[in-house]
Amino acid sequence: IVSATQTARLCAELQDCAGGRLLIAVDQEGGMVSRFKAERGFPTTASAGRLGRTGDVGLTAINADCTAAMLRTLGINLNLAPVVDLDVEPDNPIIARYERSFAADPAVVGRHAAAWIAAHRRRHILTCLKHFPGHGSALADSHLGFVDISASWREEELEPFRTLIAGGMADLVMVGHLFNSRIDPLLPATLSPATIAGLLRRDLGFDGAVITDDLQMRAITNRYGLAEACVMALTAGADILIIGNNLQYDPLIVGTLIARIVEAVRQGRLAEERIHTAWQRVRKLQTYIHR
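Next up, the structure:
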């Protein structure tokens, strides 16, 4: 990422290579979590925490519109935001520390997130609610290792997800690498049928695309290995897998993982119908951004 001109050219070239059907995503939340930096000439916007403290939903809409307009110009069609985790643990090292949550109150989070999403939709940019079922009460960072929220997680952390899904405001939902024995006694949310197929789809009624957090984060790779985690996430109900490929760069990683997924289908460990369902959800997203 060198400049706006260079980034727009890169995105256009990628779309040309793929026949114009790519989802091109970024984490551009605002504040400290901004992939497009001021020193490269990109506009800056406030963090969710700062916006939530103002109590002004209109200000959130203005910041979101600034972000969405920039993404539209660059050729990026999916913003992996807003964060709808509740700011309930001040010592949280990855949410509270970086002011990524609008507030501790689920109603406040829901209102600001809805304004954020609406501003992106006006610019025809998809958005993503994260990190299901709620990362705000965690005391550890899933980038670095296993995160157990069994004791700290609260039922109210579902409320922003429930409200936005019911209101038709959820394009995608990102599932976090969060272990909660009250939901699944064995598996973290990203790999858990009880969390994705059960809690998110059956109980909250979400039928859109589920995307994982980066499967190379150590909460996953330290315990399951990347290839097996991909198979497990798809089996659990995830539709899109994020592979950051920056912690341990491998230029052949996509082909290697596809081969392992195909092998799992052939072995009967992963249903071919599950792949078909995931692909249909991806196609629906493509139809939205390219209509």
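Residue numbers for the sequence shown follow this note's numbering, beginning at 4 and rising by one. Ideal Cβ placement from N, Cα and C applies to all residues, glycine included. Everything numeric in this text was worked out from a predicted model, so none of it was measured.
Can you grab the Cα-Cα spacing for the pair residue i / residue j, in whole Å?
i	j	result
L52	G271	According to the sequence shown, residue 52 is Gly rather than Leu. Their backbone Cα atoms lie some 46 Å apart in a straight line.
D210	Y252	33 Å
E266	G247	22 Å
V36	D30	7 Å
W156	C20	44 Å
G139	F105	11 Å
I199	L89	20 Å
T57	V111	11 Å
E92	E32	20 Å
I65	K287	28 Å
L255	L74	28 Å
In chain order, what residues of the same chain have a beta carbon less than 8 Å from the beta carbon of residue i, not counting five sequence neighbours either side?
i	result
C27	Per the sequence shown, residue 27 should be read as Ile rather than Cys. Cβ neighbours of I27 beyond the five flanking positions: C14, L17, Q18, G78, I79, N80 and L81.
L273	V234, L237, T238, I264 and A267
A232	T193, L194, L218, I223 and T224
E102	G34, M35, S50, A51, G52 and R53
A11	T76, L77 and G78
D216	K133, H134, S145, M177, V178, G179, H180, T193 and I245
G44	S6 and A7
T259	A230 and D253
Is residue i close to chain D? Criterion is C-beta to C-beta, closer than 8 Å.
i	result
C14	Within the model displayed, chain D is absent; a lone protein chain is all it includes.
Under three-state DSSP, which class holds residue i?
i	result
E102	coil
L132	strand
A212	strand
I243	strand
E162	helix
A141	coil
E32	strand
V5	coil
N66	helix
D94	coil
D151	strand
L175	strand
Measuring alpha carbon to alpha carbon, tell me which residue in the options is nearest residue i.
i	options	result
T130	L237, I214 and A143	I214
I97	L62, V150, R284 and A64	V150
F182	A197, A173 and R263	A197
G148	S140, L89, I223 and L207	I223
I245	R12, T193 and Y227	T193
T166	A141, V87 and A107	V87
N249	A173, G228 and M220	M220
L83	E159, V91, A67 and I4	A67
R226	S145, D242 and S184	S145
E42	V176, V5 and L229	V5
A173	K40, N95 and R204	R204
S153	L161, I199 and A141	A141
L132	A212, E159, C69 and A262	A212
G179	M73, A241 and G171	A241
L161	I120, A107 and W119	A107
V257	T280, W282 and A230	A230
P85	E159, G171, A110 and L175	L175
Q9	I65, F39 and G22	F39
D47	E158, R286, P109 and C69	Looking at the sequence shown, residue 47 is not Asp but Thr. Selected option, being the one with the closest Cα: C69.
G171	E158, I120 and G201	I120
W282	A64, I243, L74 and F164	I243
Using a Cβ-based criterion (distance less than 7 Å to any ligand heavy atom), does residue i qualify as near the ligand NAD?
i	result
A222	With respect to the ligand NAD, the structure offers nothing, as it holds no ligand at all.
Please work out which residues of its chain come closer than 6 Å, Cβ to Cβ, to residue i, disregarding the five sequence neighbours upstream and downstream, and give them in chain order.
i	result
A71	A122, H123, R126 and I128
R24	Q289
Within a Cβ cutoff of 7 Å, which residues of the same chain sit near residue i, ignoring the five residues on either side of it in sequence?
i	result
I168	L207, G208 and F209
G61	none
D94	L142
R277	L237 and T238
S184	S153
Note to self: Could you check whether the segment 176-191 touches the segment 106-125, counting it as contact only if at least three pairs of C-beta atoms, one from each stretch, sit closer than 8 Å?
What the structure shows: no
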